[in-house]
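For reference, the structure discussed in these notes is given below.
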Amino acid sequence: MLELTDPARITAALVLLSVVGIESGGIFLVRLAGSREGATDFQRAFYRAGHAHAGVLVTLGLVCLILTHATALTGFWAWLASSGVLVAAAVMSGGFFAAAAGQGRTRPSRWVGLLWLGATFLAGGVVTLGVGLLSA
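Counting in numbering that gives the first Met the number 0, the sequence shown runs from 0 upward without gaps.
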């Protein structure tokens, strides 16, 4: 049986509960798809991308959280391997939504920078975990 540390177990539980928020984003997209008003094509594309990144990265993040227990990583490196992808899920999806927010927007706002920050956490998390698994 896999044993998670208390922080990992609590993190996993909170992430699973956050899926309801991702589900709400899906409801928003369904409503938006049925409306000809309220969003530009650019906004629709960014909102879809934000929703998709949230769902996929949360799933990958839970896998990373578990796999980190199979490494000898400690401290910051263990945190990055176990939580980097989960941070990326929040930051990247938030970046897509924030960059598209605003009446009639057809280009991303400065909040698009969150995508790069999230991508940094994503790359850092998976590379650290991969190296940790190979060296375990």
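Beta carbons are placed, not taken as given, at the ideal position from N, Cα and C, and that holds for glycine.
Of the residues the options, the one placed nearest residue i, counting alpha carbons only
i, options, result
"residue 87", "132, 26, 36, 51", "51"
"residue 7", "129, 133, 66", "66"
"residue 27", "13, 45, 16, 82", "45"
"residue 107", "48, 2, 74, 122", "48"
First and last residue of the uninterrupted alpha helix (DSSP H) at residue i
i, result
"residue 110", "Unbroken run through residue 110: none, as it is neither H nor E."
"residue 52", "40 to 66"
"residue 135", "From DSSP, residue 135 is part of no alpha helix (DSSP H); its letter is neither H nor E."
"residue 89", "74 to 99"
Nonlocal neighbours in the same chain, by C-beta distance under 6 angstroms from residue i, ignoring five residues either side
i, result
"residue 24", "50"
"residue 54", "21"
Reduced DSSP category for residue i - H, G, I as helix; E, B as strand; rest coil
i, result
"residue 2", "coil"
"residue 104", "coil"
"residue 20", "helix"
"residue 71", "coil"
Check whether residue i and residue j have beta carbons under 7 angstroms apart
i, j, result
"residue 84", "residue 63", "yes"
"residue 90", "residue 113", "yes"
Residues near residue i in its chain [Cβ-Cβ closer than 7 angstroms; skip 5 each side]
i, result
"residue 105", "39, 41"
Same chain only: Cβ atoms within 8 angstroms of residue i, ignoring 5 sequence neighbours per side
i, result
"residue 132", "66, 69, 70"
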